[in-house]
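One structure below.
In this note's numbering, the protein residues as written are 259 to 628.
As structure tokens, this is what we get:
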């Protein structure tokens, strides 16, 4: 069944060992019309409860008292699992799946409480996602971390601690080029996903972090109550148009000169090795399609980086040339014995700039439409 929009929720449920609470959760999922839900703190130690859910569950088991994360996919969704990764600590589940010809990487995270452990955890999570992700990245879960002061209500002393501490989550966001989609859509809004009973301390620590190119597909995202009993977290919701739709700004044109670029060759050879390992897990047709998608993404990223480096180099040289000319013009009285060296520097800088601009024009004629 093709579903549009795709509705994804995430909730720290603080234990699902009690049958009554699981029933409440199932009803809540049904009421919200969730297609996919990320659950944290399930406290499952085995998959004995799977038969209670009319859909598929993918677990990383914790203990009966702590941790445990699961991704639940509604039976109404027509999807195919490509592969998955689960850690042994009940904190990470990653699945690569195909839904309506879209490849998604869904990642459910439950971060530790202490700052030191969180930073170690996010470093591990980053490594896992970089290694295993294949498609559009959607990360959800309880990060136990605020991204800025606006996301936390507490006393001033606590606020200063937040401001000064190392934030491993921010590093993960930067490296993966994902965005906090709720904050992106609600830049000035104050709302929390966790509160203490006395309401003196509250924070927004549950997030959806998505690939930047997903934002145009996002229909809505919000924070909502989860009436399942015994959890001090609110749920987060994300609705996206998962159909490809309009692909945007026409064609990408490959500059074929990068085929001689050694750093580009290394990137492509690394991808080849990666997809060679998938050949026995999936049909060649799917592996080939995935490979082409990622080659295109890596190529565009590489070309953009190279283009930026060239632009930056030209800008610096032009600034240098401007300064040299100013020095030259202020020393035409013949009193500066260094004037010949200044003129030589001007000539060399101009020559370098001419070469860079010529190369830029040449690159424009060496493009292949893809």
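Glycine included, C-beta positions come from ideal geometry on N, C-alpha and C.
Alpha carbon to alpha carbon, how far is residue j from residue i? Give it in angstroms, no decimals.
i, j, result
"residue 428", "residue 382", "14 Å"
"residue 534", "residue 408", "46 Å"
"residue 384", "residue 606", "44 Å"
"residue 357", "residue 553", "20 Å"
"residue 519", "residue 483", "53 Å"
"residue 610", "residue 574", "12 Å"
"residue 555", "residue 529", "11 Å"
"residue 603", "residue 564", "26 Å"
"residue 578", "residue 393", "43 Å"
"residue 558", "residue 551", "11 Å"
"residue 290", "residue 380", "30 Å"
"residue 285", "residue 472", "29 Å"
"residue 248", "residue 310", "Missing from the structure shown is residue 248; the chain here goes from 259 to 628 and no further."
"residue 503", "residue 576", "In this predicted model, residue 503 has a pLDDT of only 45, less than 50, meaning its place in the structure is not dependable enough to derive any value."
"residue 411", "residue 369", "20 Å"
"residue 612", "residue 545", "44 Å"
"residue 513", "residue 446", "41 Å"
"residue 292", "residue 475", "17 Å"
"residue 389", "residue 597", "56 Å"
"residue 526", "residue 595", "53 Å"
"residue 430", "residue 536", "26 Å"
Looking at the secondary structure, which residues open and close the alpha helix (DSSP H) in which residue i lies?
i, result
"residue 383", "373-390"
"residue 289", "277-290"
"residue 520", "520-534"
"residue 394", "Run containing residue 394: none in the alpha helix (DSSP H); it sits in the beta strand (DSSP E), 394-400."
"residue 442", "439-443"
Among the candidates the options, whose CA atom is the shortest distance from the CA of residue i?
i, options, result
"residue 280", "448, 486, 357, 337", "486"
"residue 287", "275, 563, 313", "313"
"residue 465", "518, 350, 402", "402"
"residue 363", "467, 278, 375, 291", "467"
"residue 359", "302, 543, 571", "543"
"residue 495", "548, 340, 396, 455", "396"
"residue 367", "463, 374, 293, 595", "463"
"residue 304", "320, 399, 571", "320"
"residue 572", "336, 617, 390", "617"
"residue 391", "570, 548, 608", "548"
"residue 448", "595, 306, 406", "406"
"residue 399", "389, 300, 458, 444", "300"
"residue 373", "336, 426, 335, 337", "426"
So is residue i in contact with chain C if we call contact Cβ pairs under 8 Å?
i, result
"residue 495", "Here there is only one protein chain, and chain C is not present."
What are the boundary residues of the beta strand (DSSP E) that residue i is part of?
i, result
"residue 482", "476-482"
"residue 426", "No beta strand (DSSP E) contains residue 426, which is instead part of the alpha helix (DSSP H) from 426-434."
"residue 354", "350-357"
"residue 302", "Element bounds for residue 302: n/a, residue is neither H nor E."
"residue 338", "337-344"
"residue 459", "Where residue 459 is concerned, there is no enclosing beta strand (DSSP E), given that its DSSP letter is neither H nor E."
"residue 267", "264-270"
"residue 317", "313-318"
For a quick check, are the C-beta atoms of residue i and residue j less than 8 Å apart?
i, j, result
"residue 580", "residue 614", "no"
"residue 328", "residue 493", "no"
"residue 436", "residue 469", "yes"
"residue 282", "residue 322", "no"
"residue 295", "residue 330", "yes"
"residue 354", "residue 361", "yes"
"residue 263", "residue 538", "no"
"residue 298", "residue 270", "yes"
"residue 317", "residue 351", "yes"
"residue 450", "residue 442", "no"
"residue 488", "residue 346", "no"
"residue 481", "residue 434", "no"
"residue 601", "residue 561", "no"
"residue 532", "residue 490", "no"
"residue 349", "residue 325", "yes"
"residue 265", "residue 497", "yes"
"residue 340", "residue 523", "no"
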